[in-house]
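> In this note's numbering, the protein residues as written are 2 to 390.
C-beta: ideal position from N, C-alpha, C; glycine also.
All figures in this text were calculated on a predicted structure; none of them were measured in a lab.
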C-alpha cells in the first residue's frame with residue numbers, strides 16, 4: 002500500500018455511500034472517520050429505495066426491460082442492492098487499515114510499515130476482494146429484479162456454507178429441523194424462527210420442501226422461491242403479498258431417519274480425543290489434487306484459520322504467517338501445520354498443554370482450554386521455492 006491509497010479508498014467509500022445514504026447525512030461527516038462510524042443498518046439515514054443509485058449498467062438493463070422507476074419490482078431490486086452495498090461496506094470498514102490511522106497514527110498507511118506487516122497486507126487483499134465481488138455482482142448478477150426465478154424456474158438455491166464432515170444428507174421422508182429467516186425481495190423480514198417437517202409430506206410450501214433436500218447438518222442455504230411454489234396469487238393477508246417471490250435463509254440443525262438422529266448441537270459438542278498423552282489430533286478435511294511441496298521445518302507458511310472452543314464458539318479467525326519451528330505460534334499449531342500442501346485443509350484439535358496452558362489468555366482463552374483450529378494452507382516459501390494457491 003502506498004500513502005495516497007488512503008485517499009483513494011476514502012473516495013471509493015464516499016462514492017458507494019452516496020448511492021444509498023441521504024446527502025444531508027454525508028454532508029455532516031467532515032472527516033473520513035465519521036463515515037466509518039455510520040450505522041449502515043439504520044434505515045433513517047438511507048434514501049428511499051426508489052432513489053438508490055444502482056449504476057449505469059443496471060439502469061440500462063431495466064430500461065431495456067421497459068420497467069419504470071416506480072415499478073414495484075424495480076423498487077424491490079433497488080432495495081436489495083442497497084442491502085448488498087451496506088454489507089459490502091461493513092466488510093470494507095472491518096478490514097480497512099484506515100481505522101488504524103484513526104486510533105493510532107498515520108503510520109498505518111506508511112508503505113514501509115505496510116510492507117513489513119503481513120496482517121495489514123492481508124487486510125488490503127480483503128478490501129480488493131470485496132470491492133471486486135461488489136462490482137461483479139452489482140453490474141452483472143444483480144440485474145434481475147425478479148430474484149432469478151420465474152414460472153419456468155421456480156426455485157433458485159445458493160449454498161452459503163457447506164460443512165466439511167457430512168454424515169447424512171436430507172432426503173425424502175426425513176424428519177428435519179432448521180432455523181430460518183423469511184424475507185420479501187425488498188429485504189423485509191416477514192418471519193423467522195425454528196421449524197420441523199417431514200420432507201415430501203406437504204408440511205411446508207413446495208419451494209421449501211424442494212430446497213431443503215441435499216443438506217447436511219450445519220449447512221446454510223438461501224432459497225429464492227417463485228410465488229407458484231410459495232403462497233401463489235393470494236398470498237397471506239397481512240403477511241405475504243399476492244404473487245410474492247420469497248427468500249428463505251436456512252440452517253439445517255437436525256435429521257431424523259429410521260431411528261437415527263444427527264443434530265448440530267451434538268456435532269458441535271462432541272468431545273475430541275486429546276489428552277496429556279496425546280496433545281494433538283489432526284483431521285484431514287480436504288486434500289489438494291496437486292502437491293509439489295509439503296510444509297516442513299524452517300518453511301515460511303501462510304494460512305487461513307478459524308479458532309473455536311469445544312462448544313463451537315469462535316474466538317478468532319483470519320490469515321497468519323509464520324516460520325515453522327521458530328516459536329512463532331503455539332506448539333499445537335506449529336506441529337499441526339507440517340506436512341501440508343497448498344490447498345490442504347485440516348482440523349487441529351489441541352490440548353491446552355500445546356495451546357495456552359493453565360493460564361489461558363485473559364479475555365480471550367480460558368485456562369486449560371482445548372482449542373480447535375480449522376486451517377487452510379495458502380502459501381509455502383522454502384528458500385527460492387514458492388508455491389501459491
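1. Measure the alpha-carbon distance for residue 178 versus residue 192 and round it to whole angstroms.
2. According to DSSP, what are the bridge partners of residue 150?
3. Can at least three beta-carbon pairs, one atom from the segment 340-350 and one from the segment 313-324, be found at a separation below 8 Å?
4. Please report the distance separating the alpha-carbon of residue 307 from that of residue 260.
5. Less than 7 Å separating the beta-carbons of residue 241 and residue 184?
6. Report all residues from its chain with a CB closer than 8 Å to the CB of residue 234; omit the five preceding and five following residues, and keep chain order.
7. Taking Cβ positions only, does residue 288 come closer than 7 Å to chain B?
8. Under 6 Å: does the beta carbon of residue 285 sit that close to some heavy atom of the ligand COA?
9. Within the continuous beta strand (DSSP E) that includes residue 1, where are the two ends?
10. According to the Cβ coordinates, are residue 303 and residue 379 closer than 7 Å?
11. Does the Cβ of residue 159 have 16 or more other Cβ atoms within 10 Å, making it buried, or fewer, making it exposed?
12. Pull up the distance between the alpha-carbon of residue 360 and that of residue 305, whole angstroms please.
13. What does a CB cutoff of less than 7 Å around residue 173 pick up in its chain, not counting 5 residues either side in sequence?
14. Where residue 83 and residue 330 are concerned, what is the direct C-alpha to C-alpha distance, given to the nearest angstrom?
15. Excluding the five sequence neighbours on either side, which residues of its own chain have a C-beta within less than 6 Å of the C-beta of residue 232, listed in chain order?
16. For a test of the three-state rule: what should DSSP assign to residue 42, helix, strand or coil?
17. Please classify residue 362 as buried or exposed, where buried requires at least 16 other C-beta atoms within 10 Å of its C-beta.
18. Identify whether residue 322 lies in helix, strand or coil by the three-state DSSP scheme.
19. Buried or exposed: residue 351, going by 16 or more other Cβ atoms within 10 Å of its Cβ?
20. Quick one: what's residue 184 bridged to in DSSP?
21. Need the endpoints of the beta strand (DSSP E) that residue 308 sits in, please.
22. Give me, in chain order, the residues of the same chain whose beta-carbon lies closer than 6 Å to that of residue 155; leave out the 5 immediate sequence neighbours on both sides.
23. Output the boundary residues of the beta strand (DSSP E) element that contains residue 26.
24. So, are the CB atoms of residue 1 and residue 294 less than 7 Å apart?
25. Cβ of residue 225 within 7 Å of Cβ of residue 148?
26. Which same chain residues, not among the five before or five after residue 210, have their C-beta less than 8 Å away from its C-beta?
27. From this set, 383, 364 and 320, which residue's C-alpha is nearest residue 301's C-alpha?
28. Below 7 Å CB to CB, which residues in the same chain sit around residue 370 once its five sequence neighbours on both sides are set aside?
29. On the DSSP letters alone, give me the boundaries of the alpha helix (DSSP H) that residue 334 sits inside.
30. Do you know how far the Cα of residue 219 is from the Cα of residue 43?
31. Please name the residue, chosen from 316, 315 and 377, that lies closest to residue 339 on a Cα-to-Cα basis.
32. Taking the alpha carbon of residue 79 as the reference point, which residue from 214, 251, 189 and 285 has its own alpha carbon closest?
33. Does DSSP put residue 377 in a helix, in a strand, or in coil?
34. Kindly give me the distance between the Cβ atoms of residue 265 and residue 171, rounded to whole angstroms, as I take these residues to be in contact under 8 Å.
35. Out of 275, 182 and 167, which has the shortest C-alpha to C-alpha gap to residue 255?
Well, looking at it:
1. Start at 1 with the first residue of the chain shown, and residue 178 comes out as number 177. Start at 1 with the first residue of the chain shown, and residue 192 comes out as number 191. The straight-line gap from Cα to Cα measures roughly 16 Å.
2. Position 149 of the chain shown holds residue 150. Paired residue(s): none; residue 150 is not in a bridge.
3. no
4. Start at 1 with the first residue of the chain shown, and residue 307 comes out as number 306. Start at 1 with the first residue of the chain shown, and residue 260 comes out as number 259. Taking the straight line from one Cα to the other gives about 34 Å.
5. The residue labelled residue 241 in the question sits at position 240 within the chain shown. The residue labelled residue 184 in the question sits at position 183 within the chain shown. The answer is no: Cβ separation not under 7 Å.
6. Position 233 of the chain shown, counted from the start, is the residue given in the question as residue 234. Taken in chain order, the residues that qualify are 228, 243 and 244.
7. Checking the listed chains, one finds no chain B in this structure; it contains a single protein chain.
8. Ligands are entirely absent from the displayed structure, and the ligand COA is therefore not among its contents.
9. It is not possible to answer for residue 1, since the shown part of the chain is limited to 2 through 390.
10. The sequence position of residue 303 within the chain shown is 302, counting from 1. The sequence position of residue 379 within the chain shown is 378, counting from 1. Going by beta carbons, residue 303 and residue 379 fall inside the 7 Å limit.
11. Here residue 159 refers to the residue found at position 158 when the chain shown is read from its first residue. Result: exposed.
12. Indexing the chain shown from 1 puts residue 360 at position 359. Indexing the chain shown from 1 puts residue 305 at position 304. One Cα belongs to residue 360, the other to residue 305, and the distance between them is close to 26 Å.
13. Position 172 of the chain shown, counted from the first residue, corresponds to residue 173. Closer than 7 Å at Cβ, skipping near neighbours: 200 and 201.
14. Translated into positions along the chain shown, residue 83 becomes position 82. Translated into positions along the chain shown, residue 330 becomes position 329. C-alpha separation (whole angstroms): 41 Å.
15. To locate residue 232, count along the chain shown from 1; it is residue 231. Counting only Cβ-Cβ distances below 6 Å, and skipping sequence neighbours, we find 241.
16. In the chain shown, residue 42 corresponds to position 41, counting from 1. Coil.
17. Position 361 of the chain shown, counted from the start, is the residue given in the question as residue 362. Exposed is the call here.
18. For the purposes of this step, residue 322 is taken as the residue at position 321 of the chain shown. Here residue 322 sits in strand by DSSP.
19. As a working note, residue 351 is residue 350 in the chain shown. It is buried - the Cβ of residue 351 has at least 16 other Cβ atoms within 10 Å.
20. The residue given as residue 184 occupies position 183 in the chain shown. In the DSSP output, where bridge partners are listed per residue, residue 184 has 190 and 248.
21. Locating residue 308 in the chain shown gives position 307, counting from the first residue. 301-309 is the span of the beta strand (DSSP E), which, as asked, contains residue 308.
22. Numbered from its first residue, the chain shown carries residue 155 at position 154. Correct list, in chain order: 227, 229 and 230.
23. Along the chain shown, one-based indexing puts residue 26 at 25. Per DSSP, residue 26 belongs to no beta strand (DSSP E); it is in the alpha helix (DSSP H), 24-28.
24. Nothing can be reported for residue 1: it is not among the residues displayed for the chain, which extend from 2 to 390.
25. As a first step, residue 225 is located in the chain shown; it is residue number 224 there, counting from the start. As a first step, residue 148 is located in the chain shown; it is residue number 147 there, counting from the start. Contact: yes.
26. Counting from 1 along the chain shown, the entry for residue 210 is found at position 209. Once the five neighbours on either side are set aside, the close Cβ partners of residue 210 are 198, 200, 201, 203 and 204.
27. As a position in the chain shown, residue 301 is number 300, starting the count at 1. When only C-alpha atoms are compared, the closest one is 383.
28. Within the chain shown, the letter at position 369 stands for residue 370. Same-chain partners within the cutoff: 310, 353, 356, 357 and 361.
29. Within the chain shown, residue 334 is the residue found at index 333, counting from 1. Segment 332-337, the alpha helix (DSSP H) holding residue 334.
30. Start at 1 with the first residue of the chain shown, and residue 43 comes out as number 42. Start at 1 with the first residue of the chain shown, and residue 219 comes out as number 218. C-alpha separation (whole angstroms): 30 Å.
31. Locating residue 339 in the chain shown gives position 338, where the first residue counts as 1. When only C-alpha atoms are compared, the closest one is 377.
32. Position 78 of the chain shown, counting from 1, holds the residue named residue 79. Selection 214, 251, 189 and 285 evaluated against residue 79 yields 189 as nearest (Cα-Cα).
33. Here residue 377 refers to the residue found at position 376 of the chain shown. Strand at residue 377.
34. Here residue 265 is taken as the residue at index 264 of the chain shown, counted from 1. Here residue 171 is taken as the residue at index 170 of the chain shown, counted from 1. Contact doesn't hold; Cβ gap of about 13 Å is too wide.
35. Locating residue 255 in the chain shown gives position 254, counting from the first residue. The residue with the shortest Cα to Cα distance from residue 255 is 167.
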